[in-house]
Amino acid sequence: MEYVQLGKTGLRVSKLCFGGLVIGPLQVNLTIDEGANVIARALELGVNFIDTAELYDTYPHIREAIRKTNKKPIVASRCYAYTREGAAQSLEKARKELDMDVIDIFGLHEQESRLTLRGHREALEYFVNAKEKGIIKAVSVSTHNIEVVEACAEMPEVDVIHPLVNVAGIGIGDGTIEEMLNAVKKAYDAGKGIYSMKPFGGGNLINRFEECVNFLFSIPYIHSIAIGMQSVEEVEINEEIFEKRYVPEELKTRIKNIKKKLHIDYWCEGCEKCIERCKQKALEIVDGKAKVNYDKCILCGYCASACPQFAIKMQ
Ligand code: SF4
Ligand code: SF4
């Protein structure tokens with residue numbers, strides 16, 4: 001496994017980052033033990049970087065994987081807090097549930113614009129202060145938007161950026177993949193740690209798997225690539241790809257048959273909460289029920305967390 005310095009954070013992370021969204025309740029919903037086994041395999045194979053978020057509800061899985069392996073990975077997490085109190089609660093929750101005194105990387109989740117960054121200023125300042133006290137080591141911002149990457153490139157208080165990058169630009173909220181890469185390069189040159197998300201557009205680009213992987217390997221200004229993995233087999237495949245930098249023929253055939261889809265059950269009541277939650281604008285109400293636009297959906301599963309009827313599932 002290749003390891004790199006994550007910008008100026010002083011953290012040395014594996015090129016492959018374990019994306020923690022998929023194992024949790026928003027997606028395949030593994031038990032704590034099952035999820036821990038998947039993470040543990042990644043740790044055994046040399047992955048030392050785990051990405052998660054308060055929303056993903058996977059702190060217990062990570063803690064259990066650490067207990068099982070006795071390995072201490074670098075953990076990045078984030079939250080939606082915008083007040084000082086909210087930020088304090090979220091950071092405390094992460095420390096408690098992960099059983100860690102110090103969280104390596106912590107910050108703001110899913111920022112959409114300079115305006116939302118301003119709206120979360122109080123929380124960001126709390127995290128900067130927590131870094132000064134040694135409770136976190138680096139302050140991060142995650143985003144699907146070019147404008148936010150550009151803004152963070154110029155913010156000395158932001159150490160790490162987690163942008164959406166894939167070959168087709170699926171999920172980028174405000175421009176093309178070329179524009180996103182320009183912004184990411186600017187941030188990298190400014191010394192920010194960069195680890196990307198959604199390499200396969202949330203599953204939409206799985207049929208272009210090899211192209212997606214080669215695209216990301218060709219970008220010299222991304223330190224680490226987060227990939228969601230839901231089984232030990234997927235961990236082993238990804239480790240092999242990152243080790244050898246090529247996709248085995250047999251895997252290409254197998255991957256072509258994988259399909260992932262958002263499903264909305266018949267008991268949907270049309271309350272629109274999922275629509276408010278979906279930043280991709282991939283949902284609408286048709287005949288009183290939520291309907292997905294598959295061209296816009298990046299299969300993040302975030303809408304499922306907003307549904308009071310538990311009507312949304314990833315299948
Ligand atoms: S949040 Fe759930 S119940 Fe409400 S519209 Fe969406 S799917 Fe339907
Ligand atoms: S519809 Fe749901 S899964 Fe699809 S992009 Fe929107 S929030 Fe994500």
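The opening position of the sequence shown corresponds to residue 1 in the numbering used here, with each subsequent residue numbered one higher.
Think of the CB as a built atom: it goes at the ideal place given N, C-alpha and C, for glycine as much as any other residue.
- Spanning the alpha carbons of K137 and E233 requires a straight line of approximately 32 Å.
- Of all alpha-carbon atoms in A311, E269, N238, S305, the one lying nearest the alpha-carbon of G46 is that of N238.
- For V184 and L164, the gap between their C-alpha atoms comes out near 10 Å.
- One Cα belongs to A153, the other to Q280, and the distance between them is close to 23 Å.
- Shortest gap from the CB of Y302 to any heavy atom of ligand 2: under 7 Å.
- Boundaries of the beta strand (DSSP E) harbouring H263: 262–264, taken from the DSSP string.
- If you ignore the 5 residues before and after A304, its C-beta comes within less than 6 Å of the C-beta of L26, I312, all in its own chain and listed in chain order.
- Closest in C-alpha terms to I227, from the list G202, N293, Y59, comes G202.
- For a cut-off of 8 Å, the C-beta gap from A42 to E64 is around 13 Å, too long to register as a contact.
- Scanning the stretch 266–302 from its first residue to its last, the whole alpha helix (DSSP H) runs of 4-plus residues come out as 273–277.
- Counting along the chain, no alpha helix (DSSP H) covers T143; the unbroken beta strand (DSSP E) around it starts and ends at 136–143.
- Here I32 carries a helix assignment [DSSP, helix/strand/coil].
- In the structure shown, R114 adopts helical secondary structure according to DSSP, grouped into three states.
- DSSP links L216 through a beta bridge to no other residue.
- The beta carbon of K273 lies closer than 6 Å to those of A306 in the same chain, with the five residues before and after it left out.
- Here V28 is buried. Its C-beta has 16 or more other C-beta atoms within 10 Å.
- One Cα belongs to L205, the other to C212, and the distance between them is close to 8 Å.
- Counting every other CB atom within 10 Å of its CB across the protein chains shown gives Q315 a total below 16, marking it as exposed.
- Across the set R277, C79, L262, the C-alpha of L262 shows the shortest separation from the C-alpha of N293.
- The stretch 94–106 makes contact with the stretch 121–135: 3 or more CB pairs, one atom from each, lie closer than 8 Å.
- Non-local beta-carbon contacts of E179 in its own chain, meaning distances under 6 Å to residues more than five positions away in sequence, involve I146 in chain order.
- Your pair G24 and Y56 checks out as a contact, with CB atoms roughly 4 Å apart and the cut at 8 Å.
- Using a cutoff of 7 Å, the CB of E284 does not count as near ligand 1, since none of the ligand's heavy atoms is closer than that.
- K279 has its CB no nearer than 7 Å to any heavy atom of ligand 1.
- According to the DSSP secondary-structure assignment, F200 is paired through a beta bridge with no residue.
- CA-to-CA, the gap between R12 and S196 works out to about 16 Å.
- In this structure, H162 lies away from V4, with their beta-carbon atoms at least 8 Å apart.
- Look at which beta carbons fall closer than 6 Å to any heavy atom of ligand 1; those residues are I264, C268, E269, G270, C271, E272, K273, C274, A290, A306, C307, Q309, A311, I312.
- Nearest C-alpha to K296 among I285, A88, A187, C278: C278.
- Judged by the Cβ position, V292 qualifies as a neighbour of ligand 2 at the 7 Å threshold, a heavy atom of the ligand being closer than this.
- G119 and D101 have their alpha carbons spaced roughly 28 Å apart.
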